[in-house]
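Peer 1: Start counting the sequence shown at 18; every next residue gets the next number (the working numbering). We treat Cβ as the ideally placed atom computed from N, Cα and C, and that holds for glycine. All of these numbers come straight from a predicted model, not from anything done at the bench.
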Amino acid sequence: MSTTYKVSGMTCGGCARSVEQAIKAEAPSASVTIDLGTATVTVDGADAAQVKKAVDGAGFDFQGVA
Ligand SMILES: [Cu+2]
18 MSTTYKVSGM
28 TCGGCARSVE
38 QAIKAEAPSA
48 SVTIDLGTAT
58 VTVDGADAAQ
68 VKKAVDGAGF
78 DFQGVA
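Below, the structure is given as structure tokens:
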């Protein structure tokens, strides 16, 4: 089951890649879809705590479930 989270601070494909890699470092089998237009990250295979840790650790701002 996938969950969509609000993440602020992502401005380009490089940011999106950083967030994706950070989430996959926490949960290697996770599937990650990032939409810069809506500032959301949709994740399947990781829990909210893992996503928050990854996003915050990568220097972006995790804002909870979208
Ligand atoms: Cu960027």
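Look at the alpha carbon of E37 and the alpha carbon of G81, and state the distance between them as a whole number of angstroms.
Peer 2: Walking along the sequence shown from the start, residue 37 turns up at place 20. Walking along the sequence shown from the start, residue 81 turns up at place 64. Their backbone Cα atoms lie some 16 Å apart in a straight line.
Peer 1: Starting from S25, trace the alpha helix (DSSP H) both ways and give me its first and last residue.
Peer 2: In the sequence shown, residue 25 corresponds to position 8, counting from 1. No alpha helix (DSSP H) contains S25, which is instead part of the beta strand (DSSP E) from S19 to S25.
Peer 1: Hey, out of S19, M18 and M27, whose CA is closest to A56's CA?
Peer 2: Translated into the one-based positions of the sequence shown, residue 56 becomes position 39. Residue M27 is the option with its Cα nearest to A56.
Peer 1: Ordered along the chain, which non-local residues of its own chain (more than five positions away) have a Cβ less than 6 Å from that of Q67?
Peer 2: On the sequence shown, residue 67 is found 50 positions in, with the first residue counted as 1. Result list for Q67: E43 and A44, in chain order.
Peer 1: Do A75 and S48 have their C-beta atoms within less than 8 Å of each other?
Peer 2: Position 58 of the sequence shown, counted from the start, is the residue given in the question as residue 75. Position 31 of the sequence shown, counted from the start, is the residue given in the question as residue 48. No, Cβ-Cβ distance for A75 and S48 is not below 8 Å.
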